[in-house]
Structures are given as structure tokens and as C-alpha cells.
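**Q**
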Amino acid sequence: MVDRLDGLDSWWSEGWKGLDVAVLGLGATGFSVADTLVELGSTVTVYSTDAPADSVELLAVIGARFVQTPLDAVPADLERQAPDLVVVSPGLPPHNATVRWATEHSTVWGDVELAWRVRDKVVRGPVAAPWVTITGTNGKTTTTQLTTAMYQEEGLRAVACGNIGVPVLDVVRDPEGFDVLVVELSSHQLHYMADSGDGAVVPLASVCLNIADDHLEWHGSAEAYRAAKAKVYERTVLACVYNVTDEATRRMVEEADVVEGCRAVGFTPGVPAAGDVGIVDDVLCDRAFVEDRRSSALELATHEDLEAAGLASPHMAMNVLAAAALARAGTVCPSAIQRAVRAFRADHHRTEHVATANGIAWVDDSKATNPHAATASLSAFPSVVWIVGGLFKGVDVEALVEEFGPGARGVVVIGTDRSPVVEAFARHAPTVPVLQVEATDTDQVMPEAVRHAASIARSGDTVLLAPAAASFDQFGSYADRGERFAAAVHEHLGGDADGDTDGSSGERP
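Position 140 of the sequence shown, counting from 1, maps to 773 under our numbering, and the rest follow consecutively.
#1: What does DSSP give as the partner residue(s) for T676 in the beta ladder?
#2: How many whole angstroms separate the CB atoms of A1057 and V1034, which I take to be in contact at a CB cut-off of 8 Å?
#3: Under 7 Å between the Cβ atoms of V815 and T780?
#4: Find out if the Cβ-Cβ distance for the pair G1022, V987 is shorter than 7 Å.
#5: The alpha helix (DSSP H) that contains H824, what's its start and end?
#6: Please report the straight-line C-alpha distance between D636 and G724, rounded to a whole angstrom.
#7: For the segment 876-887 against the segment 816-835, do three or more pairs of beta-carbon atoms, one drawn from each stretch, fall closer than 8 Å, so that the two count as touching?
#8: Just to confirm the assignment: which complete beta strand (DSSP E) runs, minimum length 3, are found wholly within the segment 710-788?
#9: Nearest to L818 by CA position, among F811, A872 and T766, is which residue?
#10: Whole angstroms is fine: what's the gap from A715's alpha carbon to S946's?
#11: Using the C-alpha atoms, what's the distance from A860 back to G769?
#12: Quick test of your reading: G1115 and H982, contact by CB under 8 Å. State the CB separation rounded to the nearest angstrom.
#13: Runs of 3 residues minimum, wholly inside the segment 918-958: which ones carry the beta strand (DSSP E) assignment?
#14: Mind checking which residues open and close the beta strand (DSSP E) that includes T1095?
#15: For the alpha helix (DSSP H) that F1037 lies in, which residues bound it at each end?
#16: Could you say which of V805, L1097 and F1105 lies nearest to A994 if we only look at CA atoms?
#17: Does the distance from the CB of V974 to the CB of D938 come in under 7 Å?
#18: Suppose you measure from the CA of S1137 to the CA of C841; what does that come to, to the nearest Å?
#19: Please look up how many angstroms separate the CB atoms of V1070 and A1121, rounded, as I've assumed it's under 8 Å.
#20: Is the segment 797-809 touching the segment 845-859 in the sense that three or more CB pairs, one from each, lie closer than 8 Å?
#21: Buried or exposed for W645, going by 16 or more other Cβ atoms inside 10 Å?
#22: Using a Cβ-Cβ cutoff of less than 7 Å, which residues in the same chain neighbour I804 once the five nearest sequence positions on both sides are dropped?
#23: Would you mind giving the Cβ-Cβ distance between V720 and L747, rounded to the nearest angstrom? I have them listed as a contact below 8 Å.
#24: Per DSSP, which one or two residues make a beta bridge with F699?
#25: For a minimum of 4 consecutive residues, which ranges assigned as the alpha helix (DSSP H) are wholly contained in the segment 1044-1129?
#26: I'd like the list of long-range same chain contacts for D1106, defined as Cβ closer than 7 Å, with 5 residues on each side in sequence excluded.
#27: Measure from the alpha carbon of V1103 to the alpha carbon of each residue in G1043, A706 and H1005, then state which is nearest.
#28: What residues in its chain sit with their C-beta under 7 Å from that of A958, if we drop five residues either side in the sequence?
#29: State yes or no: is the C-beta of L641 within less than 7 Å of the C-beta of R750?
#30: Is W645 helix, strand or coil by DSSP?
#31: Spell out the partners DSSP gives W1019 in its beta bridges.
#32: So what does G795 bridge to, in DSSP terms?
#33: Pull up the distance between the alpha-carbon of K862 and that of A889, whole angstroms please.
#34: Is it buried or exposed, E856, if we count other Cβ atoms within 10 angstroms and call 16 or more buried?
#35: Enumerate in chain order the residues of its own chain whose CB-to-CB distance from A942 is below 8 Å, with the five nearest sequence positions on each side excluded.
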């Protein structure tokens, strides 16, 4: 079985033809895997609990077989197939029964390993496009977008892909090809990445932006989650970028097995040491990729640039610094970095200003889907009415409430299980008003939350949606949650709002 996979290190390897492959899951990633393997000449069967009808129809068109079946038990069809290879979609955890069977009876890859092996389908230069890899508990998408924009401003054909929403396999098959792939990697994708051999990713530069407990129900423990994140640094060629304020990321770099000559480059909100990037007198500076880094620095951007782009809050500035380090590792010039920052606008639902009325600001940080992300946004505002709650994914909210609860003007609790938040406030901030949203109809959750928040807020406050939890107990996604919040705010305020009220202004500190 393993012998059949030996030498599959190129799009042009003969061994793909006739390879019998099972694909587990039929989301965007699963379909990209099936489509790629069929194009390579493999025999493909896709197993999924459910799937969009159009995806199932397209599988038939391209020549893949589809089996709709629960994956919490091993499908009999899969056992009969006894595939040469199983490619697992990142949503399926390692403790899933079908994944465990595949690990014991076949060879298991993730989509990123497959993409790395076939990355040479379209080559614009002498070799396949290098990869810049990005992970972290929070800030991945913004940093990936920023890094991509910086490479593009340098005149390179760069693309953001991976966990950001565009499957890596779709990118490596693009007929025009790319000069650089900026790959956002989730902890799930990192778990399934190869540790060695032909499928092991060799990034040009890499970063873990930060680390805090998240997705513990998927990984099984905090240690397993952190070990998955640390894989981003393995085999890096030029620069392992780490967060000076997050000791765990530095340790990851120290323990990584990298290419000889690879450098550790820190990013910091303060004055950078020689070899790092940071901020001096409101100027973002590079002391890592300059010839005389002990006594000189290069200007990358200014605080004014960050403000104009909605990137001035401390955690967003750190994302800019990380992106700049990754770009400088690829010889992007400082002026291209500054142009990219000036033109950038943060995505919706990332500490996004919704409206201001009667001296009260309403801010949507629905993307704060864990306590670590909520910490960043809560730190940015002096007085908040905090809307919090949802699915906590095995993560304890206690420490977050202990830190920020006593200073809150009040709290509005959403979610189907509100008890963890309510009980934590009773322990750590018993005098802070706590209002619970009792509505069970999704259409009514945010209107009730906004009414509760308005009853507490005073001039000078920020009503902050920073749920510190996933959204799927009551909403379709974090974006759906944020959009419903913004709509409820506008409905509640009517014509009373002033300033930017269309949600297009990006982040405001």
C-alpha cells in the first residue's frame, strides 16, 4: 500500500493513474481533492454524511463516485473498497471512527499534503511557487490578506489560499500559475500535514501569530492543539516569524527543525531588538532585513497609515508587523509594504464600527470566536457593554470574565447554554448587571440583545459584540451573527445614528 504511494512528489508522477482513493467529506475542500485526483487519473470515491446537491451532481460529471453515509461509524463501502489512500477533509477530527479506521488500514493525507505534492502543475519560474504559511489562534485571515497584498504590491502574482476559503488545490491548478502562495493553515489542516517525506511542506517563511486554547474538543487536549500549531515552522527555509509577547511561539521556533540558515524574526508592539520588527515613535520599523540591523532600521508604515486602514488597534498592528516580516523575508521592499497597508481595509466583523448614537459606539467583533480573540477587542475599549456567548468548543470562559468582567458597564449573554458566562460573572463580577437573551428564534436573538444593551449603555460606552464563542448554536456563521447584530442596531437606532453607520469603515480603536 505504502509502496504504491512512493514517488508521488509531482503532478507528473505516473503513480497517480489508477490509484484507488477515498475522500472523506464533501465541503469545498473535499470537492477540490476529488476534482484534483480525478484529473490526475485516480479512481475516487467520496464519502460524506451530507453534501450540497450541486456538488454531488458535479462529482458524477467529473467521474467520481459518491456515497452518502454517516462517518461516525466506518462505512461498509469503505471497508470493501480498501483504498490505497484516504484523504481527510479538515473538519473531521482524528478521534472520528472512520478516520481512525483509515489510519489503521490505509494511508491518511490531508488536502495540504496533496497540494504540496502536486504544486508543480503550473510553474511560472524555474521552480514551483514558494509557500508562505500562516497560523495562530487569532488574526490568521487578516495577516494572510495583508501578506498577500504586500507581495502583490511588489509586482508578484500572489494569492491567499487555504483556510481563508480558497482551497490550496484550486490554486495550484490555476492555469496562469502564481509567484507566491500565502497559505492560511488551521490547526486541523496542520494536524493532517506530513511530518516528513515528499508530502512535507517546506515554507519559504512561516508564522504562528499567537496561541491560546481553542478547538480542544477536536484535538482532544491543549497539548495536541499546540503541537499542531507548532508544525507550521517545520522545514522553514528563510524566516520563522514569532510573537515576542507570546512566549509559546518563541519556544515553537526554538524547537522546530528548520533549514540551515533560517532565521528567527520576532514582531513586537514595542521597540524592536536587532533582528526583529516593531514600533518606534508611531513608526513600524524593520530591524531584521537590513544590512546594519544593529544600528539602523527601515520605515515600513506609520500609525497614520494604520488608522486610515482600520488597523490601528494593538492586535491589528501586530498582524501588520507579522505580515511585514513575512513579506520582507521574500524581499518585498518597504515602499510596497506601506502601499499595501494604506490600501488595505479590514474584513467585516473584525472590531467593525457599526454606528454611533448619543455618544454610544456599537462595534461588531463577531469574528472573536474564542476567548483569546475577545481579549484583544475588549482591551481596545475603555468602557464596554459586552455581548457574549455561544458555543465555547471546550474552552473555559472563566479567565476572560475574571479579567474583563469587573470593568464592564454591563453584560448581555446570548447562546443556547448561557450558564458558563452567567456563573462566571456571579463569581468574579457580582455587581455588574447581567441580562440574558431568552429568545430562541434566531431572528429575535439580536434584536433582544440590542435592546438589553441599549438599556445599560451610557454616553462614552462601546456596545461590543465579542462573543468569545462559536456561532453555530444559534446562527449560520460568525458572519451571519455579525450581520444580524448590525441590522438590529440600525433598526433600534433608526435615524438617531451619526458617523459611519453602513459598517464599511473598518476597525476603530
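Cβ coordinates follow ideal geometry from the N, Cα and C atoms, glycine included. What you are looking at is a predicted structure, and each value in this text was computed from that prediction instead of being measured.
**A** Taking the coordinates as given:
#1: The residue given as residue 676 occupies position 43 in the sequence shown. Answer is D653, bridged to T676.
#2: In the sequence shown, counting from the first residue as 1, residue 1057 sits at position 424. In the sequence shown, counting from the first residue as 1, residue 1034 sits at position 401. With 8 Å as the limit, A1057 and V1034 qualify as a contact, their Cβ atoms being about 4 Å apart.
#3: Position 182 of the sequence shown, counted from the first residue, corresponds to residue 815. Position 147 of the sequence shown, counted from the first residue, corresponds to residue 780. Their beta carbons are under 7 Å apart, which means V815 touches T780 by this criterion.
#4: Position 389 of the sequence shown, counted from the start, is the residue given in the question as residue 1022. Position 354 of the sequence shown, counted from the start, is the residue given in the question as residue 987. No, the Cβ-Cβ distance between G1022 and V987 is not below 7 Å.
#5: Position 191 of the sequence shown, counting from 1, holds the residue named residue 824. For H824, the enclosing alpha helix (DSSP H) starts and ends at S820 to H824.
#6: Counting from 1 along the sequence shown, the entry for residue 636 is found at position 3. Counting from 1 along the sequence shown, the entry for residue 724 is found at position 91. Taking the straight line joining both Cα atoms gives about 28 Å.
#7: Output reads no: the segment 816-835 does not touch the segment 876-887.
#8: Counting whole runs of 3 or more residues, the segment 710-788 contains the beta strand (DSSP E) stretches 718-721, 741-743 and 764-768.
#9: Against the sequence shown, residue 818 aligns to sequence position 185. Checking every option, the nearest Cα to that of L818 belongs to T766.
#10: Taking the first residue of the sequence shown as 1, we reach residue 715 at position 82. Taking the first residue of the sequence shown as 1, we reach residue 946 at position 313. Rounded to whole angstroms, the gap between the alpha carbons of A715 and S946 is 53 Å.
#11: By one-based count along the sequence shown, residue 769 stands at place 136. By one-based count along the sequence shown, residue 860 stands at place 227. Going by the C-alpha atoms only, they are around 12 Å apart.
#12: Against the sequence shown, residue 1115 aligns to sequence position 482. Against the sequence shown, residue 982 aligns to sequence position 349. H982 and G1115 do touch by the CB rule: their CB atoms are close to 4 Å apart, below 8 Å.
#13: Correct list: 931-935.
#14: Taking the first residue of the sequence shown as 1, we reach residue 1095 at position 462. First-last of the beta strand (DSSP E) with T1095: T1095 to L1098.
#15: Position 404 of the sequence shown, counting from 1, holds the residue named residue 1037. Start and end: E1031 to F1037.
#16: As a working mapping, residue 994 is identified with position 361 in the sequence shown. Distance check between A994 and each of V805, L1097 and F1105 places L1097 closest, using alpha-carbon atoms only.
#17: Numbered from 1 along the sequence shown, position 341 holds the residue referred to as residue 974. Numbered from 1 along the sequence shown, position 305 holds the residue referred to as residue 938. Closer than 7 Å, so yes.
#18: Locating residue 1137 in the sequence shown gives position 504, counting from the first residue. Locating residue 841 in the sequence shown gives position 208, counting from the first residue. Since pLDDT at S1137 reaches only 30, below the 50 mark, its modelled position is unreliable, and the value read off the structure follows with that caveat. Approximately 29 Å, taken between the alpha carbons.
#19: Your numbering for residue 1070 matches position 437 in the sequence shown. Your numbering for residue 1121 matches position 488 in the sequence shown. Cβ-Cβ separation between V1070 and A1121: approximately 11 Å, too far for a contact (criterion under 8 Å).
#20: Contact between the segment 845-859 and the segment 797-809 is absent, because fewer than three Cβ pairs lie under 8 Å.
#21: Counting from one through the sequence shown, the residue named residue 645 turns up at place 12. The residue in question, W645, is exposed, as its Cβ has fewer than 16 Cβ neighbours within 10 Å.
#22: By one-based count along the sequence shown, residue 804 stands at place 171. Per the sequence shown, residue 804 should be read as Val rather than Ile. Within the same chain, Cβ atoms closer than 7 Å to the Cβ of V804 are found at V792, C794, F811 and L814, the five residues on either side in sequence being excluded.
#23: In the sequence shown, counting from the first residue as 1, residue 720 sits at position 87. In the sequence shown, counting from the first residue as 1, residue 747 sits at position 114. That belief holds up - the Cβ atoms of V720 and L747 are roughly 6 Å apart, short of 8 Å.
#24: As a first step, residue 699 is located in the sequence shown; it is residue number 66 there, counting from the start. Answer is V679, bridged to F699.
#25: Under the rule that a run must span 4 or more residues, the alpha helix (DSSP H) segments found entirely inside the segment 1044-1129 read 1052-1061, 1075-1089 and 1111-1126.
#26: Looking up residue 1106 in the sequence shown gives position 473. Around D1106: G1023, L1024, G1048 and T1049.
#27: To locate residue 1103, count along the sequence shown from 1; it is residue 470. Going by the sequence as given, residue 1103 is Ala instead of Val. The shortest C-alpha separation from A1103 is found at H1005.
#28: Translated into positions along the sequence shown, residue 958 becomes position 325. Exclusion of the five residues before and after A958 leaves A872, V874, V898, F900, V910 and A921 as the residues of its chain whose Cβ lies within less than 7 Å of its Cβ.
#29: Here residue 641 is taken as the residue at index 8 of the sequence shown, counted from 1. Here residue 750 is taken as the residue at index 117 of the sequence shown, counted from 1. Closer than 7 Å, so yes.
#30: One-based indexing of the sequence shown puts residue 645 at position 12. Reduced to three states, the DSSP call for W645 is coil.
#31: Counting from 1 along the sequence shown, the entry for residue 1019 is found at position 386. W1019 pairs with V1044 and L1097.
#32: Along the sequence shown, one-based indexing puts residue 795 at 162. Per DSSP, E817.
#33: Position 229 of the sequence shown holds residue 862. Position 256 of the sequence shown holds residue 889. The straight-line gap from Cα to Cα measures roughly 11 Å.
#34: Counted from its first residue, the sequence shown places residue 856 at position 223. Exposed: under 16 other Cβ atoms inside 10 Å.
#35: Numbered from its first residue, the sequence shown carries residue 942 at position 309. Answer for A942: V974, R975, A976, F977, R978, A979 and G1139, listed in chain order.
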